[in-house]
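Student: Each residue of the sequence shown is one higher than the one before, starting from 1 at the first, in this note's numbering.
Please see the structure below; I have some questions.
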Amino acid sequence: MPNKTIVLDHDRVQRKLVRIAHQLHEENCDEGGIVLVGIAPRGLTLAKRLAERIGTDTDLAVQLVELKLDKDAPLERPAGLSVEPSALRDKVVVLVDDVLMSGRTLMHAASFLVQVPLKKLTTVVLVDRRHRTYPIRADIVGLTLSTTVQEHISVELGRKDTVYLS
């Protein structure tokens, strides 16, 4: 088994989430609310944590939505939301995922979401690896980490959140 290096320990992950939540509030404080769309599974977990943080620390209304997408073959299976896509019409939508590498998952997710006219779409990732093959970027990033293509980032979310490089 390859050696794992801790990139973000639990406390640092929590601080990143607090900062992201504050930034989302600052950018959207004049809105009636936001819709956090988490790409299942880890993006949804991060979106839930951001929703809790924003709901506790601010008066901004937050709706949580799950987006299921086949990350390995996004064109072969249709994406699906936990709500009707029309429920996002004219809303401020925040798309959340754990790691951005090639941009394929984020690009397909964003493409699916913009089939409905949105008021605004913001993308959020915990870790940006900067290996883009698709023309998309994250608007809000917890950590930007330059890695080699052979290296792997794994995000473990549970009682102890940790981001590893292997």
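Beta carbons: idealized from backbone N, C-alpha and C, even for Gly.
This structure is a prediction, so every number in the text was calculated from the model and none was measured.
Tell me which residues share the same chain as K91 and place their Cβ nearer than 7 Å to its Cβ, disregarding the 5 neighbours each side in the sequence.
Tutor: Within the same chain, K91 has close Cβ partners V35, L118, K119.
Student: Please say whether K48 and L143 have beta carbons closer to each other than 8 Å?
Tutor: Going by C-beta atoms, L143 is not nearer than 8 Å to K48.
Student: Answer yes if the segment 56-67 comes into contact with the segment 130-140, meaning at least three C-beta pairs across the two stretches below 8 Å, and no otherwise.
Tutor: No: the two stretches stay apart, fewer than three of their Cβ pairs being nearer than 8 Å.
Student: Check whether the segment 152-165 and the segment 71-87 touch, using three or more Cβ-Cβ pairs below 8 Å as the test.
Tutor: No: the two stretches stay apart, fewer than three of their Cβ pairs being nearer than 8 Å.
Student: Could you tell me which residues DSSP pairs with V18 in its beta bridges?
Tutor: Paired residue(s): none; V18 is not in a bridge.
Student: Taking its Cβ as the centre, do 16 or more other Cβ atoms sit within 10 Å of L109, making it buried, or is it exposed?
Tutor: Note that residue 109 corresponds to Ala in the displayed sequence, not to Leu. Its Cβ being crowded by 16 or more others within 10 Å, A109 is buried.
Student: Answer with buried or exposed for I153, where buried requires no fewer than 16 other C-beta atoms within 10 angstroms of its C-beta.
Tutor: Buried.
Student: In its own chain, which residues sit with a C-beta less than 6 Å from the C-beta of R132, not counting the 5 before and 5 after it?
Tutor: Hits under 6 Å: G103.
Student: I'd like to check one pair, L69 with D207: are the Cβ atoms closer than 8 Å?
Tutor: This structure gives no information on residue 207, because the portion of the chain shown stretches from 1 to 166.
Student: Going by DSSP in three states, E66 sits in which element: helix, strand or coil?
Tutor: Strand.
Student: Going by other Cβ atoms of all chains shown within 10 Å of its Cβ, with 16 needed for buried, is R129 buried or exposed?
Tutor: Flag for R129 reads buried.
Student: With DSSP run on the structure shown, which of helix, strand or coil describes A61?
Tutor: A61: strand per DSSP, three-state reduction.
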